[in-house]
Structure formats: C-alpha cells, structure tokens
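Enquirer:
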Amino acid sequence: MKTKFLIIISLSYLFSNQFFAQGIKADHNCTKINQISETAIIAAKENLHIAYGHTSHGSQIISGMENLDNFMGGNGLYNFHNGGDEGYLDIDDYFVYGDLGNPDLTTWAELTRTYLNDSQNSDVNVVMWSWCGEVSSASVEDINTYLDLMAELESDFPNVKFVYMTGHLDGSGLEGNLHLRNQQIRDYCSVNNKILFDFEDIESYDPDGKYFGDKYPTDNCDYDSDGNGSQDANWAVEWQNTHTENVDWYYCDAAHSQSLNGNQKAYAAWWLWAKIAGWNDATSAQKQINFTLYILGNNYPNPFNPSTKIDFTIAQNENVRLEIYNSLGQLVKSLLNENLSHGNHSVIWNGDNFEYAKVSSGVYIYKLHTDNFTQSKIMIMQK
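Right, dumping it as structure tokens:
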C-alpha cells in the first residue's frame, strides 16, 4: 500500500507542474450581483453583442434580467435590449426560433450558421442557446452531437464566443439521466476550457448555498424534504417567505419556476457577460470577503454507492482541480479544472470514469489542487 501512495504523490507533483488553461463556468457560485463591479458591467454593455436562442425554460434568464435594474435602484446600469444603444447591453433575444432540441438536435446549429453569415449580424460576438427539457431523454450520442456542433461553430467563427448550457432539473435526481448527461457537458467544458452556463447547478442551491441536488429537485424548485419519494417542499418559496421582497429578492415571471430562480439566473448571466468581456473578479470579490482557509472535506456518504458528495473551501478566486484516482495512482476522473470563486463548493461524483462507465468496488483517492493548496483523501466505492 505504501508503494501505491508513493505513486499518487509522484503523480501529484507531476500534475502540479503542468499548465492548465481556464474556461468560464457560471453556476451557483456566481450569483452575488453586488460583487460584480460597475466597471465590469459597463464594459460588458460596451463590448458584447449577444444572440440568445431559447424557448420557455431559457426565458428565465431574460425574465430575471428584465426586472433586475429596478430592483438594483433603477439607475439603468442593468438595462438591455436588442440593438445595443448607448447604455444598454445588446441582446438579440429569440434571435431565431427553437432551442437546442426543438425542432430537433441539429437545426439550431444550421440557423446559427445562417444568422452569423448574414452581414447584418456581423457585430454579434456571443452566441448562447438553451435547452428546454430535451436533456432528460438525451443519449450520450445526442450530447456528443451537441458538443460536436458547438465545436464546429467555434472553429468556423473564431471571433464569436459560444456559451454551452446544461439542461434544467426534472426531479430524477443524481442517478437520473438528466444529471448524467449534464455532467457529460460539464466534463467536456472543463477539459476543453469552454464557456458554460450551468442551468442545473444554479437550480440546485438557494442563495445561502444550501444544496438540494440530492433531494430530487425540479425546475419549479420543488424537492423531497423527507426522503419519501415525493417533492413536498419548495426551496425557493421557503427562502422567499423568510426574506423581504424588493430587498432580498424581486418578482419576475420565471417560466415553469419561481421568481427567486429567475433572480439567480439573472445574477449569473451578468457575471457571465462581465467575465466574457474580460472582467477579473478576483480583486473585487476579495475586497468584500477575506477567506483564510483551504479545506478539503470528507466525502459523504462514505462508503458510497452510486454517488458521493465532496465539499471543499478555497481561500481566493483561482483555478481548482479535483481529480479521482484508483489505488494504483491511475487517474479515473477529472471532476473539476476551472476557475472558481473563493468560498465553499460542492461536487458530486457519480462513481464513473471518463467514459461514464461505473467504476468497480474499492478504494479511491480524491485530490484537490490549487496554486496554493494540495490535499488528498480516501473514499470507498462499495457495491
């Protein structure tokens, strides 16, 4: 066993000296609207021209953005519309019909190509598409088709930033097809340094960071509070009822969901726009909160089957890698390789490898690595 751990330590040293490029992921960690500087918001409005394709679920982002400026004081900082007049973010909402799965899994790419080839749209430099339920029934091959089409568009239009997206929650839980296919999208974006708006992740946490992803949550924010198999509570309604409207949250007509979900999506969207426009969020965030601890928590449950949750805390905004190794020191799965904000984070491992096949029973090592911290812990997969 000592030999095995020596191998792991050697691999850790090797990997710590490699360069890892960074993608962008907008998730529940990116929903603190007050941490986005006014300068960053203005830069996004001055530089971005966004085309957004979606149907009803994707409209939650726009619905949240529509009422945000009034909530933030009505000074026009968060204004947007199609056309990008001075003082407005330019968003061509519903730039073509359909979504990533409607009317099929490929039409969206053809429409995007036609749109970008039109000289009238030559200023567009960001394209984002959303799903509307199709990930729930998608196969591995279906998601690969989506990823391949995005990669082709990125290659053909190198001056345009393409935003990937996960699908909305459907109540099927961590073992459900939706979560597995969303994880397929996350893994691809992490490994290939893409830009991701993590729809599912944002719907899995309340504003205080309380996690509901392991309670079979739905797109309406319903969840199973007592483990009896039925979604009998609603985290968004609970949070709204214990906080003050127009102070802590604001009304918006979030399709299929609650206002708070639309709020969170709007905050994450503005964080995303700011990041794409070049904002470095590390400095502004650290001025507000000074974390001094790095913590890699014990996974739970342990032993586990089929999935386990890993909690960790980082002291500053930085690139984070979270990797799974077997007892021989072989890399089994990369759970994270991306830039995260300081604070508390959680990641679910579904007990699978890079090919999404379930791993065998045995001892596994999970390793957290940042520029300033490295730690490994042991967990047991038990079938």
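Residues in the sequence shown are numbered consecutively from 4, following this note's numbering.
C-beta: ideal position from N, C-alpha, C; glycine also.
1) Find the nearest neighbour of M382 within the set G26, P309, T247 and H60, judged by alpha-carbon distance.
2) Among N264, S122 and K278, whose alpha-carbon lies nearest the alpha-carbon of K28?
3) Based on Cα-Cα distance, which residue from E341, Q186 and L331 lies nearest to L325?
4) Using 10 angstroms around the beta-carbon of T373, count the other beta-carbons present and answer buried if the total reaches 16, otherwise exposed.
5) Would you call D235 buried or exposed, if buried means 16 or more other Cβ atoms sit within 10 Å of its Cβ?
6) Use the C-beta contact count for A271: other C-beta atoms within 10 angstroms, 16 or more gives buried, fewer gives exposed.
7) Locate the beta strand (DSSP E) running through A54, then write down its first and last residues.
8) Look at Y95 and I53 and say whether their C-beta atoms are less than 8 angstroms apart.
9) Below 8 angstroms between beta carbons: does that hold for L181 and S139?
10) Can you have a look at F357 and say buried or exposed, based on whether 16 or more other CB atoms are within 10 angstroms of its CB?
11) Is the Cβ-Cβ distance between Q267 and N223 less than 8 angstroms?
12) Evaluate D93 with the Cβ neighbour count: other Cβ atoms within 10 Å of its Cβ, from every protein chain shown; 16 or more gives buried, anything less gives exposed.
13) Would you give the residue range spanned by the beta strand (DSSP E) that Y369 belongs to?
14) Taking C-alpha atoms, which residue in A257, Q333, L338 and I317 lies nearest to F66?
15) Hey, would you say Y359 sits closer than 8 angstroms to V143, going by beta carbons?
16) Could you name the residues of the same chain whose beta carbon sits closer than 6 angstroms to that of L371, not counting the 5 residues immediately before and after it, in chain order?
17) To which residues of the same chain is A43 closer than 6 angstroms at the C-beta, ignoring the five residues directly before and after it?
18) Cβ of K164 within 7 angstroms of any heavy atom in the ligand FMN?
19) Pairs of beta-carbons, one from the stretch 197-215 and one from the stretch 164-176, closer than 8 angstroms: are there three or more?
20) Reducing DSSP to helix, strand and coil, say where N387 ends up.
21) State the DSSP-derived secondary structure class of W274, mapped to helix, strand or coil.
22) What residue does the beta strand (DSSP E) around T169 start on, and which one ends it?
23) Within its chain, find whatever has a CB closer than 6 angstroms to the CB of E157; leave out the 5 residues flanking it on each side and keep chain order.
24) Between N120 and N128, what straight-line distance do the alpha-carbon atoms span, to the nearest angstrom?
25) Does the Cβ-Cβ distance between F174 and C135 come in under 8 angstroms?
26) Should the stretch 31-40 be regarded as contacting the stretch 203-218, the criterion being three or more beta carbon pairs within less than 8 angstroms?
27) Going along the chain, which residues of its own chain have a beta-carbon closer than 6 angstroms to the beta-carbon of Y191, five neighbours each way excluded?
28) Can you tell me which residues form a DSSP beta bridge with V240?
29) Using the C-alpha atoms, what's the distance from I313 back to N301?
30) In whole angstroms, give me the CA-to-CA distance for Y91 and Y254.
Expert: Checking against the coordinates, here is how it stands:
1) P309
2) K278
3) Considering only alpha carbons, the answer is E341.
4) buried
5) exposed
6) buried
7) H52 to G56
8) Per the sequence shown, residue 95 should be read as Asp rather than Tyr. It is a contact, given that the beta carbons lie within the stated cut-off.
9) yes
10) exposed
11) no
12) buried
13) G365 to H372 is the span of the beta strand (DSSP E), which, as asked, contains Y369.
14) Per the sequence presented here, residue 66 reads as Ser, with Phe not at that position. The candidate whose alpha carbon is nearest that of S66 is A257.
15) yes
16) L299, F315, L325 and Q378
17) A277 and W282
18) The ligand FMN is not among the ligands present in this structure, which contains no ligands whatsoever.
19) yes
20) Absent from the model: residue 387. The displayed extent of the chain is 4 to 386, so no value can be given.
21) Looking at W274 - three-state DSSP - the assignment turns out to be helix.
22) Note, T169: premise wrong, no beta strand (DSSP E); not H, not E.
23) F165
24) 12 angstroms
25) It should be noted that the sequence gives Gly, not Phe, for residue 174. Remark: C-beta atoms of G174 and C135 do not approach each other more closely than 8 angstroms.
26) yes
27) The answer, listed in chain order, is L150.
28) According to DSSP, which records beta bridges pairwise, V240 is partnered with nothing at all.
29) N301 and I313 have their C-alpha atoms some 7 angstroms from each other.
30) Put simply, the backbone Cα of Y91 is about 22 angstroms away from that of Y254.
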